[in-house]
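Asker: These protein sequence lines map, in sequence, to chains A and B.
Residue numbers 1 to 320, in full-length UniProt numbering, belong to the letters of the first sequence in order.
Residue numbers 1 to 320, in full-length UniProt numbering, belong to the letters of the second sequence in order.
In this text, a Cβ means the ideal position worked out from N, Cα and C, and glycines have one as well.
There are 2 protein chains.
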Amino acid sequence: MRQAGKADSPLPEHVEIVEVGPRDGLQSEPVFVPTARKVELINNLVAAGIRHFEATSFVSPRAVPQMRDAREVMDGVDRSTGAKFTALVPNMKGAERAMEAGVDALVLFMSASQSHNLKNVNCPRETSLERFGEICAFAQSASVPVQGAIATSFGCPFEGNVPVEDVVRIAKAYRDMGIRIISLGDTTGMATPPLVQERCRALREAVPEVELTLHFHNTRGVGLVCAYTGLMEGVTRFEASIGGLGGCPFVPRATGNIPTEDLVYMLHECGVETGIDLDKLVTTAEQAESLIGRTLPGQVMKAGPRLKTHPMDMVATANG
Amino acid sequence: MRQAGKADSPLPEHVEIVEVGPRDGLQSEPVFVPTARKVELINNLVAAGIRHFEATSFVSPRAVPQMRDAREVMDGVDRSTGAKFTALVPNMKGAERAMEAGVDALVLFMSASQSHNLKNVNCPRETSLERFGEICAFAQSASVPVQGAIATSFGCPFEGNVPVEDVVRIAKAYRDMGIRIISLGDTTGMATPPLVQERCRALREAVPEVELTLHFHNTRGVGLVCAYTGLMEGVTRFEASIGGLGGCPFVPRATGNIPTEDLVYMLHECGVETGIDLDKLVTTAEQAESLIGRTLPGQVMKAGPRLKTHPMDMVATANG
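This is the structure:
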């Protein structure tokens with residue numbers, strides 16, 4: 001367990017950021033954000049240089065009212081830059097709606113743990129995989145790519161630890177359906193550096209043809225440490241949420257997704273390129289905060305960039 | 001710059017945690033915490049297994065009213081376990097008072113950047129070093145150990161970047177005075193993984209006989225990433241503040257010290273021992289929060305330990 005990162009090898013030169021705030025973030029926020037504001041948020045992030053979005057989900061409007069405008073959001077997003085917009089789909093009906101709306105890829109999702117899958121999508125894992133086979137065949141016949149998300153990949157709020165074998169088994173099933181981008185979701189913030197190392201290495205071994213995406217929550221403060229660990233493992237695709245939009249469904253005071261601007265700050269400071277303008281990202285995080293009407297957990301949006309200096313007559317300090 | 005950690009070598013087996021909440025934390029809080037409550041906080045942390053404290057500072061009560069009860073705090077702390085209590089001293093008078101109060105070591109402090117030293121202690125760096133020589137000689141004649149802190153070791157809020165050579169120069173001066181424990185302070189949260197690597201390596205080379213201590217702030221979200229980086233560099237002594245007590249003197253909304261319980265959580269999850277009971281630490285963080293009357297930034301105190309599971313009928317979730 002006490003194992004540091006992977007050698008003195010260089011970190012990746014470039015990392016892709018997938019912004020999940022419009023979906024994973026807003027879905028957990030109690031206020032309904034008007035469609036025009038969601039679209040504005042996304043398009044400001046496009047202008048900041050983000051090129052990958054989990055834009056919305058095509059789920060039942062009764063089950064997830066916050067996402068009831070999925071089609072209208074897709075109609076409004078700025079596609080002039082070639083930015084890619086995916087959407088979560090829970091079933092064939094959602095897949096059809098998403099494809100009609102012109103998404104760039106469908107995202108299927110299930111949980112690594114049986115209890116969470118039962119709770120979240122109301123069926124056992126095996127049933128999820130059966131349904132996904134049909135959806136993949138349908139999407140592929142229309143040349144729409146499919147991605148796969150695995151929730152509770154680092155632990156389950158009901159069961160505790162999740163065996164790495166369960167994550168690998170689902171990843172292999174996704175791979176066998178033709179899926180080539182798989183996201184490991186840290187649904188309730190249970191990832192740790194050793195678990196990140198273990199799971200990255202196991203998946204690289206088991207499904208080497210797959211591009212791995214890591215999705216961390218900061219629920220226990222180590223979200224960016226896990227991202228840094230993934231970076232050392234050579235992962236080049238990370239999901240994050242602007243300002244840290246979204247919370248934890250289990251603990252009212254806890255935080256959820258890692259803030260996109262904090263992740264980008266860390267990457268840039270480590271010499272890793274993202275193609276993103278951090279200042280514009282911070283401005284958009286501030287917009288997200290006023291949209292939601294509560295203080296968001298992002299830190300860089302409060303403190304400003306690293307080299308923002310202060311006048312010497314500003315305040316008295318008296319400490320070491 | 002894009003360089004990952006130091007080889008696939010094991011992390012340290014054991015790390016010493018230095019609790020700085022009673023001094024660095026409380027000093028930045030606007031409310032005066034009654035002496036009895038400070039002592040209770042410290043003694044609860046002793047009971048949780050913490051064995052190193054920056055307990056107070058012997059400074060002018062006018063300049064830092066929060067620390068006006070330095071002697072009374074030292075009189076009240078539980079010394080039955082052998083826990084060590086240090087205090088910051090700015091000058092000879094402070095050193096005399098601290099030694100009369102029976103501290104286990106004095107902590108001298110100055111800044112790596114000239115502007116911050118001028119602002120913080122009202123004299124240039126050279127003057128600080130001259131005064132320290134006298135204090136060290138005096139303390140050593142009484143067999144009281146002296147430690148040295150270097151503020152703004154990773155950046156200065158007035159000057160921006162701080163050359164590593166300035167940190168090394170002060171560390172060598174400390175070493176030449178007989179100091180064997182040196183703390184690098186990330187005063188306003190400007191440390192990054194590459195800077196941590198660079199400074200750890202430079203100091204190990206320049207002052208190999210010194211035990212390095214790292215003190216990070218989470219002002220830009222990467223405090224624990226910097227601690228993890230230091231751990232990979234072989235550092236075995238870290239300062240932190242219970243609950244994340246203390247703020248940033250420059251940015252009202254920004255956070256300060258990394259929370260002790262979040263650091264300990266990360267270390268334990270990485271298989272690094274601390275000798276500390278995390279559950280007791282979390283309980284004490286909650287006490288600190290009610291003492292201060294504002295929400296503290298600690299995450300583990302809100303979310304609970306990693307394997308705290310939830311009943312399946314608790315809430316509806318509908319996301320991936």
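(1) Is B:Gly293 close to chain A, meaning its C-beta is less than 8 Å from at least one C-beta of that chain?
(2) Of all the options B:Ser60, B:Gly102, B:Leu195, B:Thr81, which has the alpha carbon lying nearest to the alpha carbon of B:Val73?
(3) So is A:Val31 buried or exposed if we call it buried at 16+ other beta carbons inside 10 Å?
(4) Between A:Gly185 and B:Ile182, what straight-line distance do the alpha-carbon atoms span, to the nearest angstrom?
(5) Name, going along the chain, the residues of the region 197-223 of chain B whose beta-carbon falls closer than 7 Å to a beta-carbon of chain A.
(6) Could you list the residues in the region 262-278 of chain A with a C-beta less than 7 Å from some C-beta on chain B, going in chain order?
(7) Report the rounded CA-to-CA distance for B:Lys6 versus A:His215, giving the unit in angstroms.
(8) Buried or exposed for B:Arg294, please, with buried defined as at least 16 other CB atoms from any protein chain shown within 10 angstroms of its CB.
(9) Within the continuous beta strand (DSSP E) that includes A:His215, where are the two ends?
(10) Smallest Cα separation from B:Glu269: which of A:Met190, A:Pro65, A:Val272?
(11) Let me confirm a value: B:Arg220 is counted as buried when at least 16 other C-beta atoms fall within 10 Å, else exposed. Which label applies?
(12) Would a check of beta-carbon distances place B:Pro194 closer than 8 Å to chain A?
(13) Where does the unbroken alpha helix (DSSP H) through B:Phe138 begin, and where does it stop?
(14) Let me know the secondary structure DSSP gives A:Asn257 once reduced to three states.
(15) Can you give me the C-alpha to C-alpha distance between A:Pro157 and A:His116, rounded to a whole angstrom?
(16) Within 8 Å of any Cβ in chain A, is that where the Cβ of B:Ser115 sits?
(17) Looking at the strands, I want to know which residues DSSP matches up with A:Ser57.
(18) May I ask which residues mark the beginning and end of the beta strand (DSSP E) holding A:Gly185?
(19) With H, G and I counted as helix, E and B as strand and the rest as coil, what does DSSP make of B:Met110?
(20) Return the CA-CA distance between A:Thr229 and A:Thr152, expressed in angstroms with no decimal places.
(21) Quick check on A:Thr284 - is its C-beta less than 8 Å from some C-beta in chain B?
(22) State yes or no: is the C-beta of B:Glu209 within less than 8 Å of the C-beta of B:Arg180?
(23) What's the gap between the Cα of B:Leu245 and the Cα of B:Pro252?
(24) Please name the residue, chosen from B:Thr188, B:Pro124, B:Glu54, that lies closest to B:Gly223 on a Cα-to-Cα basis.
(25) Going by beta carbon distance, what residues of the same chain come within less than 7 Å of A:Glu165, once the five residues before and after it are set aside?
(26) Hey, is A:Met1's beta-carbon within less than 8 Å of any beta-carbon in chain B?
(27) Counting only beta-carbon separations shorter than 8 Å, does B:Pro70 have a partner in chain A?
(28) If contact means a Cβ-Cβ distance below 8 Å, which residues of the region 246-257 of chain A contact chain B?
(29) For B:Arg71, which residues in the same chain have their Cβ closer than 6 Å to its Cβ, ignoring the five residues on either side in sequence?
Answerer: The structure says:
(1) For B:Gly293, no Cβ of chain A is located within less than 8 Å of the residue's own Cβ.
(2) The option with the nearest alpha carbon to B:Val73 is B:Gly102.
(3) By the 16-neighbour rule on beta-carbons within 10 angstroms, A:Val31 is exposed.
(4) About 40 Å.
(5) Only Asn218, Thr219, Arg220, Gly221, Val222 from the region 197-223 of chain B bring a Cβ to less than 7 Å from some Cβ of chain A.
(6) Correct list: Asp262, Tyr265, Met266, Glu269, Cys270, Gly271, Val272.
(7) Legend: pLDDT at B:Lys6 = 39, less than 50; position of this residue unreliable, value from coordinates given subsequently. For B:Lys6 and A:His215, the distance between alpha carbons rounds to 25 Å.
(8) Exposed is the call here.
(9) Residues 211-215.
(10) Nearest option by C-alpha distance: A:Met190.
(11) Its Cβ being crowded by 16 or more others within 10 Å, B:Arg220 is buried.
(12) Interface residue, yes.
(13) For B:Phe138, the enclosing alpha helix (DSSP H) has its first and last residue at 125-141.
(14) In the structure shown, the three-state DSSP call for A:Asn257 is strand.
(15) So the two alpha carbons sit approximately 8 Å from each other.
(16) Nearest CB-CB separation between B:Ser115 and chain A: below the 8 Å threshold.
(17) Paired residue(s): A:Leu88.
(18) Per DSSP, A:Gly185 belongs to the beta strand (DSSP E) from 181-185.
(19) In this structure, B:Met110 counts as strand in the three-state DSSP scheme.
(20) Here the alpha carbons of A:Thr152 and A:Thr229 stand approximately 18 Å from one another.
(21) Contact with chain B is absent for A:Thr284, since none of that chain's Cβ atoms lies less than 8 Å from the residue's Cβ.
(22) In this structure, B:Glu209 lies near B:Arg180, with their beta-carbon atoms less than 8 Å apart.
(23) Spanning the two alpha carbons is a distance of roughly 14 Å.
(24) Residue B:Thr188 is the option with its Cα nearest to B:Gly223.
(25) For A:Glu165, where only same-chain residues beyond five positions count, there are no Cβ hits under 7 Å.
(26) Caution applies to A:Met1, whose pLDDT of 37 falls short of 50 and renders its modelled position unreliable; the model cannot decide the point.
(27) A small fix is needed here, since residue 70 of chain B is Ala in this sequence, not Pro. So no, B:Ala70 is outside the interface.
(28) Those would be Cys248, Pro249, Phe250, Val251, Arg253, Ala254, Thr255, in chain order.
(29) Taken in chain order, the residues that qualify are Ala101.
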